[in-house]
Amino acid sequence: MHRSQLQVWGKVLLILCLCAVGAAEAPAAENLRRHEWKVDGVVREGMVYLPAQARTNPAPVIFAFHGHGGSMQNAARSFGYHSLWPEAIVVYLQGLNTPGRLTDPQGNKPGWQSAIGDQDDRDLRFFDIVLASLRQENKVDDKRIYATGHSNGGSFTYLLWAARGERFAAFAPSGAAAPRLLSRLKPKPVVHVAGRNDPLVRFSWQKQTMDAVRELNQCGEGRTWEGEQYCTIYQSKLGAPVATFIHPGTHQFPPAAPAVIVKFFKQHSLP
C-alpha cells in the first residue's frame with residue numbers, strides 16, 4: 027500500500043475513533059437537563075443528569091458545586107462527572123448571589139453560604155429539597171451519595187460534611203480550606219485537591235485542613251496512589267482514608283481531577 031493510501035486510512039481511522047467517543051458521550055450529554063426547585067419561595071436551579079436505569083435500579087448520586095462567580099453550566103463542563111460515571115445521578119447546582127470572603131464582599135456574584143447559619147442556611151435547605159426530590163422521583167442508592175466542589179464550592183462541600191455528614195459516603199473538596207468547620211466533622215473518606223501555588227486559597231491554609239482531617243480520620247503514613255499523578259493516599263484505622271491530589275498549579279481546577287475523584291468515590295460506600 028502506498029504511503030498516500032496509508033495516510034488516508036489513518037485519517038479515516040482517526041475519524042471513526044472520534045465518532046465512537048462522541049457516540050459514547052452523547053447519551054450523557056442528552057440526559058443533562060435544567061431543573062427547578064422552590065426553596066422558601068425562591069426558585070433555585072440545577073443541571074441534572076439522570077441515567078435511564080435510575081427509575082428502576084438504585085443509583086449513586088454526586089452533588090457538584092461551582093466556585094464563587096461560577097455557574098451550573100460551567101461546572102457541568104469543567105467537572106464532567108456525568109460522562110465519567112454515567113451510571114450515577116449527577117447534580118450541578120446553581121448558587122445565588124452571595125458575599126465572598128476572599129473576593130466580591132458586596133455579593134454581586136453567585137456562590138454558597140460559608141458557615142452554618144449563614145444566609146439563613148438557604149443552601150443547606152436547597153440541598154435537602156433536591157435530595158428529597160431525587161428520592162421521590164428516582165431510586166437513590168442511599169449508601170452512595172457524594173459531594174464535591176471547587177473553591178467556594180469546595181468550602182460548601184466541607185460545610186455539607188459538617189452539617190449533613192451522615193448522608194454521605196465520601197467527599198471531594200478542591201481549592202478550599204475549612205478551619206472553622208473542623209470541630210464539627212466526623213470521620214469520612216475524603217480526597218482533597220489543592221494547587222501548591224494557589225494565590226487565593228493559600229496552600230498553607232489547605233495543608234492545615236488536610237493535616238487536621240488526616241488526624242481526625244486516624245490516618246497513617248501516606249503512600250503514592252498507584253497510577254495517579256500528584257496523588258498520595260493515607261489509610262485510616264477507621265476505614266476513612268484521606269487522599270490528596272496536590273498539583274503544581276494555582277487556583278484553577280485541574281482537568282485530571284474529575285477522573286481521580288470518581289475513582290475515589292467508586293471505592294467508598296456507607297456500611
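For the sequence shown, this note's numbering assigns the number 27 to the initial residue and increments by one for each residue that follows. Even glycine gets a Cβ: it sits at the ideal position worked out from N, Cα and C.
| request: Below 8 Å on the Cβ atoms is my guess for ALA203 versus VAL227; work out the distance and round it to an integer in Å. | output: 6 Å
| task | Determine the contact status of TYR184 and VAL87, defining contact as a CB-CB distance below 9 Å. | result | no
| query | Thinking just about the alpha-carbon of each residue, which of ALA102, ASP167, LEU186, LEU157 is nearest to the one in TRP138? | reply | LEU186
| Among LEU119, LYS169, GLU192, the one whose alpha carbon lies nearest that of VAL156 | LEU119
| Quick check: the region 214–228 against the region 110–124, are there 3 or more CB pairs under 8 Å? | no
| request: Identify the continuous alpha helix (DSSP H) that holds PRO284 and give its terminal residues. | output: 283–292
| query | Does the beta-carbon of ALA78 have 16 or more other beta-carbons within 10 angstroms, so that it is buried, or is it exposed? | reply | exposed
| query | If we ignore side chains and look at the alpha-carbon of each, how far apart do PRO205 and GLY143 end up? | reply | 16 Å
| query | Assuming HIS92 contacts GLY121 under a Cβ cut-off of 8 Å, what Cβ separation, rounded to an integer in Å, is found between them? | reply | 7 Å
| Reference ALA282; option with closest CA among GLN293, ARG210, GLY221, GLN244 | GLY221
| message | Once DSSP output is grouped into helix, strand and coil, what is the label at THR183? | response | helix
| Cross-strand partners of HIS61 (DSSP beta bridge) | GLY72
| query | Rounded to whole angstroms, how far is the Cβ of LEU211 from the Cβ of LEU242, which I believe are closer than 8 Å? | reply | 6 Å
| Buried versus exposed, by CB contacts within 10 Å (16 or more), ASP237 | exposed
| field | GLU254, DSSP secondary structure in three states | value | coil
| query | Opposite ARG249 in the DSSP bridges: which residues? | reply | ILE259
| said: Let me confirm a value: ALA158 is counted as buried when at least 16 other C-beta atoms fall within 10 Å, else exposed. Which label applies? | reply: exposed
| field | Collapsed DSSP secondary structure at ALA158 in the structure displayed | value | helix
| Anyone know if the C-beta pair for PHE291 and SER177 falls short of 9 Å? | no
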